[in-house]
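Each remark here refers to the structure printed beneath this line.
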Amino acid sequence: MPVPEKLLPAQLFNRCDPGSFEFGTTAELDGSTEIAGQKRALEAIRLGMGIRHDGFNLFALGPSGTGKETTVRQFLNAIAPGRARPDDWCYVYNFSKPRNPKALRLPPGQACRLSNDMDHLVETLFSVMPAAFSSEEYQAREKEIGESLLEKQASAIETLETDAREHSISLIRTPGGFAFAPVIEEKVIAPDDYMAMKKEERDKIEKEIDRLRGSLQSIMAQFPKWQRETAERIKELNREVSAFTLKPLMEEIRTRYKDIEEVSRYIDEVEKDMIENFGQFLEKDAPEDGPIMMPPLFSLAGRKRSAVRYRINVMIDNGKLDGSPVILEDKPACMNLVGDIEHAAQMGTLITDFTLIKPGALHRANGGYLILDARRLLLEPFAWEALKKALRTRQIRIESLAQLFSLVSTISLEPEPIPLDVKVILLGERRLYYLLSTYDPDFNELFKVAADFENDMERNPETHLAYAHLVGSIAVRDKLLPFDRGAVARIVEHGSRMAGDATRLSSNLQAVRDLAHEAEYHAAQNGRTQVSAEDVEAMLEAQRYRASRIQERMRDAMMRGMILIDTASEQAGQINGLSVYSLGEESFGSPSRITARVRLGKGEVIDIEREVEMGGPIHSKGVMILSGFLGSRYAADEPLSLSATLVFEQSYGGVEGDSASSAELYALLSAISGIPIRQWLAVTGSVNQHGQVQAIGGVNEKIEGFFDLCKERGLDGRHGVLIPASNIRNLMLRQDIVKAVESGLFSIWPVTNIDEGIELLTGVPAGEADASGAWPAGTVNARVYDRLRKMAEKQKSFDKKPGDETVH
Amino acid sequence: MTSTTKNRVIQSIAVAIDCSPHSKASLEAAAEMAGRLKAELIGIFVEDINLLHMAGLPFAEEVRLYSSTTTKLDAAQLERLLRQQAAQARELLQRAAEARTLQHTFRVLRGMVPEQLMRAAPEADMLVLGRSGRSPSCRKGLGSTARTALSEGKMNVMLMRPGVTAAEGPLLLLCDGSEASKRALVTALEIAGPKSTLHLLVTDPDPEAVERCRQVTEALMSGRDIETEYYHLPFTEGKQLASFIRMIDSGLIVIGEGMNLPAETLRELIDNIDYPVLVVR
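Here it is as structure tokens:
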């Protein structure tokens, strides 16, 4: 088996040539930021925004920082101006059902105009109405109506009085009413004189008085009716006068909005109500119902509360909008989405009216686009349900949460719902999308389009330039120094490192932005006029240094022998594995000692990590694959009679992942064969049951972790790392490693199978089985095979012994 | 009759009180004027003998004003009611007088109302009463008591109606150069305060009449600073006068009885005008 060649320095780092850029510094770029490498997502956005059907809302998913919001906004800002401007909306008083304010739709820009017109109308009425009602003409007519009632009453009584007088009877006013009495010469007959009269005469008088009393009663019974009639006449007069006063003013408004049927209807209702309630315009200052401490909203400079109902609550004014609205709601709380009905405290009670209805983001975005952050939306109580309801029913119904859950019980409103036509764009992580998609049946109905943003993009001259444009636009927007092309190239290289792939670039625009800011800070600190590659390098170095506390403490412990990592001798059953530690945003690699011990047993490989529940399932899977490999390669025909234990020495946290499985296998083979492993090498890579070495993650960090330790102990040319050959394209190593490799002080071998690896690690050929399945003598495989056979025989003899005893 | 007294024409004012809205207006006006002239206020309440007689009749029944139901009336109950009214009247007078620290007396009489009033009033220099009283049909024009006071009374009579005041303000005086109108002018000047405007309406058709009237007035004013305005209106028809007076929109109208104007014209004017009227004798 040939041993693979060491990797060449050029294979360790995919350089970006500053010379490939045509510009000198980013100041020469036009500052545009075309998002590159998100073709798939853009296609989805185009589709989602293009289909004007129900449910074709969009979920933009991808890791944070990939420019979801920027991309969506850029796209929308480009298409929105070409779309139709949506109508204005306002809420007005509902004269027949005050609890249900009416929603009025007006062409863009008209709502504010109507509001001003109505305010002006009311203002005018407060001066015009009193004038009309204090006019001499009105006063005279009102007086005349009143007089006519009195006259009617008086003349009815007068007739009766004349009638009575003809019979020598007088109608007398008593303290409580009227009475009749016989008179002689204007004087009432005294009782004694009366009794002295003849009975017939008395009877005649009494009969006459009875008759008169009856007539008086029937006259007086009519009085209330006459009074009612008079009141009605006065009311009619008032109506006539107020209607006459109102008419020219209303006509003016009506002609202005004659094309909008709903508004015309509303104006008719207003006119009717104003005529009925003309009285409110007559008293200027006294607030109704007497509360002295009116909140400012209701006192309206001394205006009566009742006049508030002629106001227009403009919810949405699209007058100054250019095309469709694009709204980004940063705090998607329920009431910020669907609007709210506020209350005002008045004398200790909470009151509300239609002027306190507040629009939400859905109102503002109606007819356009609403961008929301999915995680924030889901964190807000009831907001997600409210949004779904609005999208499902295609209308915005404002319900106060407090009302819904009976937290307050006070005057409430149920405003008429407003029809909704909006495209909602949710931005969120992939996990959220999949969770919602799995657990919320409404979700797939309402968000039919998913724009999946890539974590990274292909690396080619085009994306290099896109990076340059991005850096340039950041510099312009955030007023940074320009970046020279060397700096841009370095940032591109780091973009590959972030992507963990020499052929790709990270799509994490946020990270690039942060990088640019830091690098610029370095340049500015050094008094430079533009940011150079050295500044970027210094910034990266500084970043590494800031994040390296734990890494250095661990290396320190290794140097002092607290953590046992051997990088000089050769040992059997012991190998340097490589692991990656992830702490928040930062991750670093570090070597770990993996040891294997074998003894006679029943063919199991014991993973100590798993036994103590410190290993994850993937790690356990890797270890179990080892027994599969061992059994099938070396003990196909007889039982695998060993018991092996594998452990990550001095590991006190958990271990997860299968990237150490090849190292474990090497340790195991070394332990079985007794051939020592070179401790100046470290290994990473997973292995399958056929002994093929497979790709792993974090290869750069792992190599750097081992390199740092070796460098500190002194590089002697022997040190190196075995990596899976399939990980070569992931290599974006630090410049100091590349230099060490160039000078032959450090080596990296790409390994495709276990035999290559074990040969590199032991210096002993692995050996290939011949046609009969026998291994060439002296090779690693042969020694493993022999040892296993011996163990099997020993096992067999052990198994026999108890049987023999029984025979004896 | 003390109207010829040189220095003060009015030293006491009588007012008829029966607790009706008209009489309340009269009391207010009388008190107001008495306060200004430092005159004594005499309140007169007449228990109507007609009422008492009626209540004594066996069939007496009252038709209630607001329910049109009937209830039996008896004399004792009526007596009580009248006493109550008298007490109320006294209280009204007291309140009006004490507010202005006026000397006041209150008198309760029994009999026919106009008769009793005519008998009691001559003690005072002026009688103030409502244009109409409590009798049902005399809403228009003058009430029977007012009519009697005008036709039979020998003192100054001021007729009031609710809703207008006799507070210090503009006065309107009818002038025709007669002795009676001069008397009226003297009284008017006495009533007028420094803020009053005196409107003089000259009815004498003679073109020189206004100038004469001015001379007489200025002589009588003897330097007092009262604003005066003169109008010449050579009409003798009551309705025309009334409408002209309405145009001027003055307050109290002062008329001297026995002016050259025909008596019917004056009567018609008094009947039709809505302003309080003072008839000077």
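Heads up: the sequence lines are chains B and C, in that order.
Everything in the first sequence is counted per our numbering, starting at 135 for the first residue and increasing by one.
Everything in the second sequence is counted per our numbering, starting at 3 for the first residue and increasing by one.
Just so you know, even glycine gets a beta-carbon here, dropped at the ideal spot from N, CA and C.
Item checked: 9 angstroms Cβ cut-off: residues of chain B touching Gln87/C -> Here the neighbours are Pro309.
Next item on the list: Write down every uninterrupted run of the beta strand (DSSP E) in the stretch 538 to 582 of chain B whose length is 3 residues or greater and which is fully enclosed by it, in chain order.
Entry: You should have 557 to 562.
Check: Closest Cβ-Cβ distance between Lys321/B and chain C: below 9 angstroms?
Finding: yes
Next item on the list: For the stretch 52 to 78 of chain C, enumerate the residues whose C-beta is nearer than 7 angstroms to any C-beta of chain B, in chain order.
Entry: Asn52, Leu53, His55, Met56, Gly58, Leu59, Phe61, Ala62, Glu63, Glu64, Val65, Arg66, Leu67, Ser70, Thr72 and Leu75: these are the residues of the stretch 52 to 78 of chain C whose beta carbon lies less than 7 angstroms from some beta carbon of chain B, given in chain order.
Notebook entry, point to check: Should Ile318/B be labelled buried (16 or more other beta-carbon atoms within 10 Å of its own) or exposed?
Noted result: exposed
Check: Using a C-beta cutoff of 9 angstroms, does Ala478/B count as contacting chain C?
Finding: Not one chain C Cβ lies under 9 angstroms of Ala478/B.
Next item on the list: Measure the beta-carbon distance from Trp814/B to Arg852/B and round it to whole angstroms, keeping in mind my assumption that it falls under 8 angstroms.
Entry: 4 angstroms
Notebook entry, point to check: Cβ of Arg347/B less than 9 angstroms from any chain C Cβ?
Noted result: By this cut-off, Arg347/B is an interface position.
Next item on the list: Identify, in the order they occur along the chain, each residue of the same chain with its Cβ nearer than 7 angstroms to the Cβ of Ser630/B, setting aside the five sequence neighbours on each side.
Entry: Asn148, Arg593, Ala636, Arg638, Leu639 and Met866
Note to self: Do Thr663/B and Leu615/B count as a contact pair if the criterion is CB distance below 9 angstroms?
What the structure shows: yes
Checklist line | Proximity test, Cβ basis, 9 angstroms: Gln244/B and chain C | finding: No, Gln244/B does not count as interfacial toward chain C.
Check: Among His603/B, Leu554/B and Leu350/B, which residue has its Cα nearest to the Cα of Gly311/B?
Finding: Leu350/B
Note to self: Give me the chain B residues within the contact set of Met114/C, using Cβ-Cβ distance strictly less than 8 angstroms, ordered along the chain.
What the structure shows: Glu320 and Lys321
Check: Bridge partners of Val130/C, per DSSP?
Finding: Val17/C and Met160/C
Next item on the list: List the residues of chain C whose Cβ lies closer than 7 angstroms to the Cβ of Leu350/B, in chain order.
Entry: Correct list: Val65.
Notebook entry, point to check: Which word fits Pro425/B, buried or exposed, when buried means at least 16 other C-beta atoms lie within 10 angstroms of its C-beta?
Noted result: Because Pro425/B carries a pLDDT of 41, less than 50, the predicted location of this residue cannot be relied on, and the following value inherits that uncertainty. Exposed: under 16 other Cβ atoms inside 10 Å.
Item checked: Selected residue, minimal CA-CA separation from Val827/B, among Phe880/B, Ser881/B, Asn887/B and Pro232/B -> Val827/B has its Cα closest to that of Asn887/B, out of Phe880/B, Ser881/B, Asn887/B and Pro232/B.
Margin query: For a contact defined as C-beta to C-beta under 7 angstroms, what are the partners of Tyr328/B on chain C?
Written below: Leu59
Notebook entry, point to check: With respect to the alpha helix (DSSP H) encompassing Arg638/B, which residues constitute its N-terminal and C-terminal limits?
Noted result: Where Arg638/B is concerned, there is no enclosing alpha helix (DSSP H), although the beta strand (DSSP E) it sits in stretches over Arg638 to Ser640.
Check: Can you name the residues of chain C whose CB is closer than 8 angstroms to the CB of Ala324/B?
Finding: His55 and Gly58
Check: Span of the beta strand (DSSP E) holding Tyr715/B?
Finding: Gln708 to Leu717
Next item on the list: Check distances from the C-beta atoms of the stretch 257 to 272 of chain B to those of chain C and list, in chain order, the residues that come in under 8 angstroms.
Entry: For the stretch 257 to 272 of chain B, which is checked against every Cβ of chain C, not one residue is closer than 8 angstroms.
Next item on the list: Decide if Met481/B is buried, meaning its Cβ has at least 16 other Cβ atoms within 10 Å, or exposed.
Entry: Here Met481/B is exposed. Its C-beta has fewer than 16 other C-beta atoms within 10 Å.
Checklist line | Where the beta strand (DSSP E) containing Cys224/B begins and where it ends | finding: Asp222 to Val226
Next item on the list: Taking only beta-carbon positions, decide if Gly312/B is within less than 9 angstroms of chain C.
Entry: Sequence check: residue 312/B is Phe here, not Gly. It does: the Cβ of Phe312/B has a partner Cβ on chain C nearer than 9 angstroms.
Next item on the list: State buried or exposed for Lys934/B, treating a residue as buried only when at least 16 other CB atoms are found within 10 Å of its CB.
Entry: exposed
Notebook entry, point to check: Mind pulling the chain C residues with CB within less than 9 angstroms of Ala237/B?
Noted result: Within chain C, no residue comes near Ala237/B; the closest Cβ sits about 50 angstroms away, beyond 9 angstroms.
Notebook entry, point to check: What's the C-alpha gap between Ser716/B and Ala633/B?
Noted result: 16 angstroms
Next item on the list: Would you kindly report the start and end of the unbroken beta strand (DSSP E) that includes Thr304/C?
Entry: A query on residue 304/C cannot be resolved here, the shown segment of chain C reaching from 3 to 283 and no further.
Check: Between Ser224/C and Pro172/C, is the Cβ-Cβ spacing less than 9 angstroms?
Finding: Taking 9 angstroms as the Cβ cut-off, Ser224/C and Pro172/C do not qualify as a contacting pair.
Next item on the list: Pick helix, strand or coil for Cys215/C, following the three-state DSSP scheme.
Entry: helix
Note to self: Can you confirm whether Glu340/B, when its beta carbon is compared against all beta carbons of chain C, has any partner nearer than 9 angstroms?
What the structure shows: yes
Check: How would you label Asn861/B, buried or exposed, when you count the other beta carbons within 10 angstroms and need 16 or more for buried?
Finding: buried
Notebook entry, point to check: Counting only beta-carbon atoms, is Pro316/B nearer than 9 angstroms to chain C?
Noted result: Judged by the 9 angstroms Cβ criterion, Pro316/B is in contact with chain C.
Item checked: Own chain, CB closer than 7 angstroms to Lys89/B, minus 5 neighbours either side, in chain order -> Given a span of 135 to 942 for chain B in the structure shown, any question on residue 89/B remains unanswerable.
Check: In chain order, what residues of the same chain lie with their CB nearer than 8 angstroms to the CB of Ser139/C, ignoring the 5 residues before and after it?
Finding: Only weak support exists for where Ser139/C lies, its pLDDT of 49 falling under 50; the value from the coordinates is given anyway. Closer than 8 angstroms at Cβ, skipping near neighbours: no residue.
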